[in-house]
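Q: Numbered per the working numbering, the sequence shown spans residues 22 to 381. No residue lacks a Cβ here, since even glycine has one placed at the ideal position from N, Cα and C.
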Amino acid sequence: MTDLAKLESETLAAIAAADTLDALETVRIAALGKQGSVSALLKTLGAMSPEERQQKGPLINGLRESVSGAIASRKAGLESALLNERLAAERIDMSLPAPEAPQGSVHPVSQVMDELAEVFADMGFAVATGPEIEDDWHNFTALNIPETHPARAMHDTFYFPDQMAVDGKKMLLRTHTSPVQIRTMMTQAPPIRIIAPGRVYRSDSDATHTPMFHQIEGLVIDRGIHLGHLKWTLETFLKGFFERDDVVLRLRPSYFPFTEPSVEVDVGYSEVDGKRVIGGSEKWMEVLGSGMVHPRVIANCGLDPDIYQGFAFGTGVDRLAMLKYGMDDLRAFFDGDLRWLRHYGFSALDVPTLSGGVGA
Ligand code: DAH
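Here is the structure:
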């Protein structure tokens, strides 16, 4: 075997044996690099006589071509093997179910507030809001609850220290949503039709009371408003909210400082497997406080009670949620227990609409 043939077979064998791209590169440098064996042979061509070059030139060039061709094809082979290996390692099984993503849910209080807004929007009510940090004038005085009134003591109010009075007014956490009535009458001209859902605070805690809870207030002010409008509105509201036509109301005379006359509203229900089901008139449960807005409250807001009359109502949102969705402990509403939230929460896509239903 000539030296050339020997070099060729050794180099081709080394190329075939190179099992990584790095090893192949080492073989390439040894053959075709500046100091490589094939390059050294190519350099000898310059010193040859023309006859010798004519004879050896094609042989040496042929050697270089066969070596570089073998390297290129080995390289392509190693690269595609590497790619296949990676594809196999990074394979995604598209037939597997998607991994469970953490999911939030809409709290029943938020859901019920949306339901209420939807039911009342259908009757032409706008949503109004007011501050949770109130002054005692809006929370009490303007609502016909003067300083000496026993109702102030009944509200278990969280007061701010005297040093935090604003413009001489004592500040507190609102004990009900009723001050939104005052704020609305003082800033909007009648006719007024609003609901005001929101957080309220009282120093009270047991299975049915928490220091923070939610109320919704309603207010209608216009000319010629009477108790019949109130009854129709509450009936339509409760039928829509509980999604039943057999809702029966009972209005009982009561007392609130800011309404005259005042009525407490009971709704009929029956007990099925220990659960209360709204409808009929077998048993009664109180669900709302309401009445005709006291003329003094209307006057306190700068309106003439001889021209404008109205009705107002207020109720607990959390209690409505418990009645509709069957929870029995109010405190669990605010524990943030994920199991409770998953069980009683709503999908973010479950937006209440009157056409689609305001229920679950
Ligand atoms: N503010 C009352 C409370 O928290 C509820 C209430 C009763 C609101 C009668 C009203 C109403 O608007 O007319 O107990």
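With distance defined between alpha-carbon atoms, name the residue in A210, L359, H128 and L259 nearest to H235.
A: Of the candidates A210, L359, H128 and L259, the one whose C-alpha sits nearest the C-alpha of H235 is H128.
Q: Is the beta carbon of S126 sitting closer than 9 Å to the one on L351?
A: No, the pair does not count as a contact, with Cβ atoms beyond the cut-off.
Q: Check the DSSP bridge columns for Q330 and list the partner residues they point to.
A: Q330 is bridged to D243.
Q: For the beta strand (DSSP E) containing K296, name the first residue and the last one.
A: From DSSP, the beta strand (DSSP E) with K296 extends over K296 to I299.
Q: By Cβ distance, which residues of its chain are closer than 7 Å to S89, with the 5 residues on each side in sequence left out?
A: So the qualifying residues of the chain are L53.
Q: For the segment 175 to 252, list the beta strand (DSSP E) runs that are entirely contained and at least 3 residues long, ordered along the chain.
A: Here the runs fully enclosed are 192 to 194, 213 to 222 and 233 to 243.
Q: Would the C-beta of A174 count as close to ligand 1, meaning under 8 Å from any of its heavy atoms?
A: For ligand 1, not one heavy atom lies less than 8 Å from the Cβ of A174.
Q: In terms of alpha-carbon separation, which member of I242, L272, G249 and K345 lies closest to F263?
A: When each option's Cα is compared against that of F263, the closest is K345.
Q: My understanding is that V288 touches L272, with C-beta atoms under 8 Å, so please give their C-beta distance in whole angstroms.
A: No, V288 and L272 are not in contact; Cβ-Cβ is about 11 Å, not under 8 Å.
Q: Buried or exposed: where does A149 fall if 16 or more other Cβ atoms within 10 Å of its Cβ makes it buried?
A: By the neighbour-count rule (16 or more Cβ atoms within 10 Å), A149 is buried.
Q: Would you kindly work out how many angstroms separate the C-alpha atoms of G151 and G219, rounded to a whole number?
A: Whole-angstrom Cα-Cα distance: 8 Å.
Q: Between the beta-carbon of L33 and the beta-carbon of L99, is there less than 9 Å?
A: For L33 and L99, no; Cβs fall outside 9 Å.
Q: Quick check: is any heavy atom of ligand 3 less than 8 Å from the C-beta of S199?
A: Looking for ligand 3 in the displayed structure turns up nothing; the ligands present are ligand 1.
Q: Kindly examine ligand 1 and report whether one of its heavy atoms sits closer than 8 Å to the Cβ of S311.
A: Correct: S311 has its Cβ closer than 8 Å to ligand 1.
Q: Is it the case that the CB of V221 approaches a heavy atom of ligand 1 more closely than 8 Å?
A: Flag set: Cβ of V221 near ligand 1.
Q: Select from Y276, F334 and G239 the residue whose C-alpha is nearest the C-alpha of F146.
A: Among Y276, F334 and G239, the Cα nearest to that of F146 belongs to G239.
Q: When you compare each of D40, S199, G67 and V140 to L103 by their alpha carbons, which one comes out closest?
A: Of the candidates D40, S199, G67 and V140, the one whose C-alpha sits nearest the C-alpha of L103 is D40.
Q: Distance, Cα to Cα, A320 vs T178?
A: About 25 Å.
Q: Comparing alpha-carbon positions, which option in R340, W253, I242 and E281 lies nearest V268?
A: Closest option to V268, Cα to Cα, is W253.
Q: Quick test of your reading: G335 and T198, contact by CB under 8 Å. State the CB separation rounded to the nearest angstrom.
A: With 8 Å as the limit, G335 and T198 qualify as a contact, their Cβ atoms being about 6 Å apart.
Q: Once you ignore the five residues that flank P326 on each side, which residues in its own chain have a CB closer than 8 Å to its CB?
A: Same-chain partners within the cutoff: P316, R317, I319 and A320.
Q: What residues are listed by DSSP as bridge partners for W305?
A: BP columns for W305 point to G289.
Q: Opposite F277 in the DSSP bridges: which residues?
A: BP columns for F277 point to T280.
Q: At 4 residues or longer, and completely inside the segment 46 to 73: list those alpha helix (DSSP H) runs for me, N to C.
A: As far as the segment 46 to 73 is concerned, its whole alpha helix (DSSP H) runs of at least 4 residues are 58 to 65.
Q: Pick out whichever of P171, T47 and G310 has its Cα sitting closest to the Cα of V338.
A: Looking at the Cα atoms, G310 is the closest of the given residues.
Q: Considering only their Cβ atoms, is the gap separating G347 from K304 smaller than 9 Å?
A: Cβ atoms of K304 and G347: not closer than 9 Å.
Q: Over what stretch of residues does the alpha helix (DSSP H) that includes D339 continue unbroken?
A: Looking at the DSSP string, the run of the alpha helix (DSSP H) that includes D339 is V338 to Y346.
Q: Would you list the one or two residues that DSSP bridges to A122?
A: Looking at the DSSP assignment, A122 forms no beta bridge with any residue, so it has no partner.
Q: Distance check for E29 and L84, CA to CA, integer angstroms please.
A: Distance between the alpha carbons of L84 and E29: 6 Å.
Q: Hey, I216 and A138: beta-carbon distance below 9 Å or not?
A: In contact: I216 and A138 (Cβ atoms closer than 9 Å).
Q: For F367, does the three-state DSSP call read helix, strand or coil?
A: Here F367 sits in strand by DSSP.
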